[in-house]
Structure formats: structure tokens, C-alpha cells
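Whatever position you read off the sequence shown (first residue = 1), add 6 for our numbering.
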Amino acid sequence: MRQENKTALMLENTGSLNIFVVLSIGLLFGLKHATEVDHVVAISTIVSRHQNVFRSAIVGALWGAGHTVSLLVMGAIVLSLRVTIPETVSNWLEFGVAVMIIGLGVSALWRVSRTNSNVHIHQHSHDGQSHTHVHFHESDNKHQPNSHSVHSHAIASVGWKPVLIGMLHGLAGSGALTLLVLAQISSSLLGFLYIATFGFGSILGMLVMSGLIGLPFAFTSKRLTNFHHGLQTVAAILSIFFGIWYAYKAGSDVVVF
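Take a look at the structure:
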């Protein structure tokens, strides 16, 4: 809450600031917003399945896109009607995020357990001698027929999950609090531009964060297979335990009628 109070204080004094300064504030806070723990934990469960840093970064960019869409839609409503999001709604959305994080962790753990069992043996004969090779295959590492478009469909292979997760995050937590701060800006146009730059900052921030998170998974996926599976398991378990704690924290603020 201290961070949101600082943002509100800065925006209250925008009369003495030019548009560039206001939008710069939005960009900086958007970059920082992407590093919040619940965002990083959620995105880690998806990044852990990819063996390519570029594809991991795409996951973050898609999360940021979904996050920004929610902010723009809700921001348009807030600015046009000059209303604020009820605290009860924000609390329920936070609780929904916690449940989603638990679900992502369970899904990732299930995927790892299935991946570990997806082992098969190849036999090859060279100069009359037979060689046996054990292979571990994941969704990104299965034998494929000759294809010239594997890397050209990175976004399609990632899917819509990061977008949907980003949209829910955009409705809850700090994103929702940022919309409340917009009530401090008298100009609807300036407020909408603030949302847009905030969203752009969150896209850049999560793109970088996802790429960094994806580094150890990409590095260990080819040669350190067992360690790679261990990292995936740790990411899944951390997501589950963090989600449970987050649900408890958010649930204590939820008003049940």
C-alpha cells in the first residue's frame, strides 16, 4: 500500500507537472509492477515448461498484453463514469488470483510427473553393433518430422494461457489500485494515457522477467535432464504453497454475505 500511496501523491500534484513526467511515472510503475511476487510465481509455472529463452520471453509479453487489455477496459469505465472499483470486488479478485496460482502449480506438478514417465528407448545399429539410447521427451522436445516452421510459430505454441492469467492479474491487486488512483487525474485523456504507458511498462518488465526466469530451464533442458525436472518440480511446489498462503491472506479480507 505504501507504493500506491506514493503514486497517488505524485499524481495529485500533476498540475505542476507536464504530460511527459506523468507518463514516465506510469511507465516506471508499470515496469515495477511486473516484478511483484504473485506475477512472477504464476508466470514461472508456464515458463518452466519451455526450453527456449525467446519463447519464455514471449510468455511474459503475452501476460503483459492480457494485463494491459484489462487495465484499458476497466480504466475506460473508471474514467468515463468517474467511479472506483469497490474494495470488496478487489478482494474477491485477489482471492481468485490465489486460486489460479494454486491451479497453475497443480497443473505444472502433474505435467512434470507425466513428463518423467515419458521415457523411451531408441536402438541404433552401426557397423554391426547395436547401440541403445534413453530419451526423455517433453512437449517442446519431442521428435518432429522435418519442419521449417518450428520457430516461426512461437506465439501460437505458447497459447492463450499467459494472456488470460495477465487479464486476471490486471483486474486484481496493484492493477486495480492503479485504477483507483486515476480518479486523482482530472483529464480523462491523460488518465487513459497513463494506463497505456503503465501497461506498456508491465509488458516490457514481464518480458524481461520471463526471459530471465527461463534461462535456468533452457540451460538444463538439454544436458541436465534430471536437474531440469527438479527445477520444474520446485517451481510447481512453490506455486502451490504460495497460492495457499496468498489465498489465506486474501480470504481474510473477503466479505462473505
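Think of the CB as a built atom: it goes at the ideal place given N, C-alpha and C, for glycine as much as any other residue.
Which residue wins for smallest C-alpha separation from methionine 212, given the options Val27, His45, Leu29, Ile25?
His45
To the nearest angstrom, how far is the alpha carbon of glycine 109 from that of glycine 165?
17 Å
Taking C-alpha atoms, which residue in Ser192, Thr239, Phe198 lies nearest to arginine 117?
Thr239
From Phe60, Ile243, Val43, residue whose alpha carbon lies closest to that of proline 222
Phe60
Output the distance between the C-alpha atoms of isoleucine 91 and glycine 172, rounded to the nearest integer angstrom.
18 Å
Leucine 199 to arginine 88, Cα distance in whole Å?
16 Å
Grouping DSSP H, G and I as helix and E and B as strand, with all else coil, what is threonine 41?
coil
What residue from Gly32, Ile250, Ser50, Ile107 has the CA that sits closest to valine 214's CA?
Ser50
Could you give the distance in angstroms between the alpha-carbon of glycine 220 and the alpha-carbon of serine 54?
7 Å
What did DSSP end up calling valine 156 once you bin it into helix, strand or coil?
Legend: pLDDT at valine 156 = 43, less than 50; position of this residue unreliable, value from coordinates given subsequently. In the structure shown, valine 156 sits in coil (DSSP, three-state: anything other than H, G, I, E or B).
In the DSSP assignment, find the unbroken alpha helix (DSSP H) run with serine 54 in it and report its ends.
Element bounds for serine 54: n/a, residue is neither H nor E.
Sequence-distant residues of its chain with Cβ nearer than 7 Å to leucine 85 (five each side left out):
Scanning its chain for C-beta atoms nearer than 7 Å, with the 5 sequence neighbours on each side dropped, one finds around leucine 85 the residues Leu188, Ser194, Gly197, Phe198, in chain order.
Quick one: which unbroken alpha helix (DSSP H) runs of 4-plus residues sit fully inside the region 201 to 239? Chain order, please.
none
As assigned by DSSP and simplified to three states, the class of isoleucine 191:
coil
So, with DSSP's three-state summary, where would you put glycine 165?
Per DSSP, reduced to three states, the secondary structure at glycine 165 is coil, with no helix or strand assignment.
Starting from the C-beta of leucine 77, find all residues in its chain whose C-beta is less than 6 Å away, skip the five residues before and the five after it, and write them out in chain order.
Gly176, Gly181, Ile201, Gly205
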